[in-house]
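Since the structure comes first, as structure tokens, the remarks are kept for the end.
There are 2 protein chains.
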Amino acid sequence: MKVGFIGIGVMGHAMAQHLLTAGHQLYVYNRTKSKTDDLVNEGAIWCETPKELANQVDYVFSMVGYPRDVEEIYFGEKGVFQAELLAKILVDFTTSTPALAKKIYTEAKKVGAASLDAPVSGGDLGAKNATLTVMVGGEEEVYEKVVPFFEIIGKTFALHGGAGKGQHTKMANQIMIAGTMTGMTEMLVYAQSAGLDLPKVIQTLGGGSAENWSMMNYGPRILKRDYSAGFFVKHFIKDLKIALDEAKAMSIDLPSTALATKLYEQLADKGYENDGTQALIKLWWDNEKKS
Amino acid sequence: MKVGFIGIGVMGHAMAQHLLTAGHQLYVYNRTKSKTDDLVNEGAIWCETPKELANQVDYVFSMVGYPRDVEEIYFGEKGVFQAELLAKILVDFTTSTPALAKKIYTEAKKVGAASLDAPVSGGDLGAKNATLTVMVGGEEEVYEKVVPFFEIIGKTFALHGGAGKGQHTKMANQIMIAGTMTGMTEMLVYAQSAGLDLPKVIQTLGGGSAENWSMMNYGPRILKRDYSAGFFVKHFIKDLKIALDEAKAMSIDLPSTALATKLYEQLADKGYENDGTQALIKLWWDNEKKS
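Structure follows, in structure tokens:
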């Protein structure tokens, strides 16, 4: 199948690689061309614009940074919607707004195409190991057609309703993670101050009702002072702000999520926006000597 | 072995039952005598006071509600320390303060006894199924002697350092859980408002990096509007306040834990202090019709 992938970043690169390895004819576009070099060496075809890419493929996949980037690659002058899209399927993996997902859906309908919003969870490792969770919004019939691709890049996937519901599910996911990340961070800060053996604490807590993925996966990274980005602080802030905007629009107050957002913004203000989300602990440990 | 159990509440009853079933001669004391009736029917021996109990056994176990209750049963007029304690071992399962754990340890030393602080995690189900996590502080030699009892009542247990370190580890545990509970609650509030299928959301999130014990275990209870106490709101508030007091004493600021404490206090103010911790969602859903 001819498939296009727009956005060859940390996540997109791994996902596109899986599609290529699975035997699909891959077309790629990225703002920074050099990041696609190795894929092109393996047989992927470089496209100068999202429009050019969309003209040549049956499926357009995208994974970019911010809603404004999604706007640009779909609705820009050289965007996907400038191409001939009849009977094509557009799948946006970017975590973006439910409103933008609906806009793409509506526009796709108009031109005889179809779309899904399909944000993912699982970070760099999930993308590399093809164990991503994919949260999908759109029509059942379209979803079924894309399932074979979800099987290539992910482990868990489900249709959560019509256009935008994939994004809403991802927001729920990020709200949950805001809780595990702030909880884990304050837990480690406390445990270290109390003079406890941190690896042992993580092990004990992991065997009981405090168990959670963030602690088991990011905890050990923090103890090694490994703050490299599986998932960028700046992207988490973007996601949480979308979640808070949506919550506001639904007239619900989410105080813990709002506080987590503030803490991550403080972290970004200190210059750590390109660290991974586990770097939150730098708000406490920034001045420590490496241990 | 002759073992005493002080505090036959939801947790204590299940734990004492396991000791009895394992073949130990069980002595029991509880503020409300009737709660020990079935254990006495099965062969346990009722004691009128903690002192009377401690005089007759080799091991004293306790599991009561608050630090003031621990004070009372150990240091009260009819307390454990009024008994002959030479070569006996005292194990307090109550989640209490590190300072009180150290006070018991010091007092025990003086009279030729030994003590461990051994707070547990896992709630009513953990106690019933003997799958509790036990976080222990005290001396290695004493810990080794008590391990056979931990094996009867729990699944995971570890020595986390000297007297008080079990309590500190439990505080770390509760700080972590404050994160998973607030995150899960706000996640469900959001997901419901966004019109998502909640069981499906829990399933999807449980397959990815948002996975956590609280969501997988309390999530389904909340969807059934089951707010019965596996772990009481009032006891969680007690624990979190100890954690915040300890944090203050160590000059560390834990804003998310402080906010979680406030939210749980609001819940208690609404009259839900005897509900389970999953009732936090009533701050949002209190006025809904049952669905």
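As they're listed, the protein sequences go chains A and B.
The first sequence lines up with residues 1 to 291 when you count with the working numbering.
The second sequence lines up with residues 1001 to 1291 when you count with the working numbering.
We treat Cβ as the ideally placed atom computed from N, Cα and C, and that holds for glycine.
All of these numbers come straight from a predicted model, not from anything done at the bench.
Within chain A, the residues that residue 1177 (chain B) reaches when beta carbons sit closer than 8 Å: 183, 209 and 210
So residue 93 (chain A) packs on residue 120 (chain A), CB below 8 Å; how close in whole Å? 5 Å
Taking residue 1113 (chain B) and residue 1089 (chain B) to be in contact with their CB atoms under 8 Å, please state how far apart those CB atoms are, rounded to whole angstroms. 7 Å
Tell me, please, whether the region 1177-1191 of chain B touches the region 1133-1152 of chain B by the rule of three or more beta-carbon pairs shorter than 8 Å. no
According to DSSP, what are the bridge partners of residue 6 (chain A)? A:29 and A:62
Mind checking if residue 1011 (chain B) is an interface residue toward chain A, Cβ cutoff 8 Å exclusive? no
Are the region 5-14 of chain A and the region 48-62 of chain A touching by the rule of at least three beta carbon pairs closer than 8 Å? yes
Taking Cβ-Cβ distances shorter than 9 Å, what residues in chain B pair up with residue 255 (chain A)? 1182, 1186, 1259, 1262 and 1263
Do residue 1011 (chain B) and residue 1124 (chain B) have their beta-carbon atoms positioned less than 8 Å apart in this structure? yes
Just to make sure I have the definition right: I need the residues of chain A whose C-beta is within less than 7 Å of the C-beta of residue 1108 (chain B). Which are they? The premise fails here: residue 1108 (chain B) is roughly 22 Å from chain A at the closest Cβ pair, so nothing lies under 7 Å.
Where does residue 1187 (chain B) fall in DSSP's three states? helix
On the DSSP bridge list, what partners appear for residue 80 (chain A)? None, per the DSSP bridge assignment.
For the region 1031-1049 of chain B against the region 1153-1162 of chain B, are there 3 or more C-beta pairs whose distance is under 8 Å? no
Residue 254 (chain A) vs residue 1143 (chain B) beta-carbon contact at 8 Å: no
Pull up the distance between the alpha-carbon of residue 287 (chain A) and that of residue 224 (chain A), whole angstroms please. 16 Å
Among B:1230, B:1177 and B:1245, the one whose alpha carbon lies nearest that of residue 213 (chain A): B:1177
Give me the chain B residues within the contact set of residue 103 (chain A), using Cβ-Cβ distance strictly less than 9 Å, ordered along the chain. Ordered by position in chain B, no residue passes the 9 Å Cβ test against residue 103 (chain A), which lies about 17 Å from the chain.
Sub-8 Å separation of residue 301 (chain A) and residue 279 (chain A) beta-carbons: Outside the displayed range of chain A (1 to 291) lies residue 301 (chain A), so it cannot be described from this structure.
Under three-state DSSP, which class holds residue 193 (chain A)? helix
Could you check which residue in A:129, A:167 and A:162 has the C-alpha nearest to that of residue 151 (chain A)? A:129
Compute every distance between the C-beta of residue 1045 (chain B) and the non-hydrogen atoms of the ligand FAD, then say whether any falls below 7 Å. For the structure depicted, the ligand FAD is absent and the ligand set is empty, with no information on it obtainable.
With a CB to CB cut of under 6 Å and the five nearest residues on each side skipped, what residues in its chain are close to residue 173 (chain A)? 121
Quick check on residue 1041 (chain B): does DSSP put it in helix, strand or coil? helix
Note down, in chain order, every chain B residue with its Cβ under 8 Å from the Cβ of residue 285 (chain A). Within 8 Å Cβ-Cβ: nothing; residue 285 (chain A) doesn't reach chain B, min ~11 Å.
Quick check on residue 1116 (chain B) - is its C-beta less than 8 Å from some C-beta in chain A? no
Got a sec, what are the start and stop residues for the alpha helix (DSSP H) residue 1219 (chain B) sits in? 1213-1223
What do you get for residue 1239 (chain B), buried or exposed, if any count of 16 or more other CB atoms within 10 angstroms of its CB means buried? buried
Excluding the five sequence neighbours on either side, which residues of its own chain have a C-beta within less than 8 Å of the C-beta of residue 1040 (chain B), listed in chain order? 1028 and 1046
Go ahead and pull the three-state DSSP assignment for residue 57 (chain A). coil
Which of the three DSSP states, helix, strand or coil, is assigned to residue 1279 (chain B)? helix
Looking only at C-alpha atoms, which of A:22, A:110, A:34 and A:201 sits nearest to residue 220 (chain A)? A:201
Tell me whether residue 1112 (chain B) sits in a helix, a strand or coil according to DSSP, three-state version. coil
Any C-beta of chain A within less than 8 Å: which residues of the region 1190-1205 of chain B qualify? 1190, 1191, 1193, 1194, 1195, 1196, 1197, 1200, 1201, 1203, 1204 and 1205
Does the Cβ of residue 1207 (chain B) have 16 or more other Cβ atoms within 10 Å, making it buried, or fewer, making it exposed? buried
Separation of residue 1205 (chain B) from residue 1180 (chain B), as counted between CA atoms: 13 Å
Which residue or residues does DSSP assign as beta-bridge partners of residue 46 (chain A)? A:28
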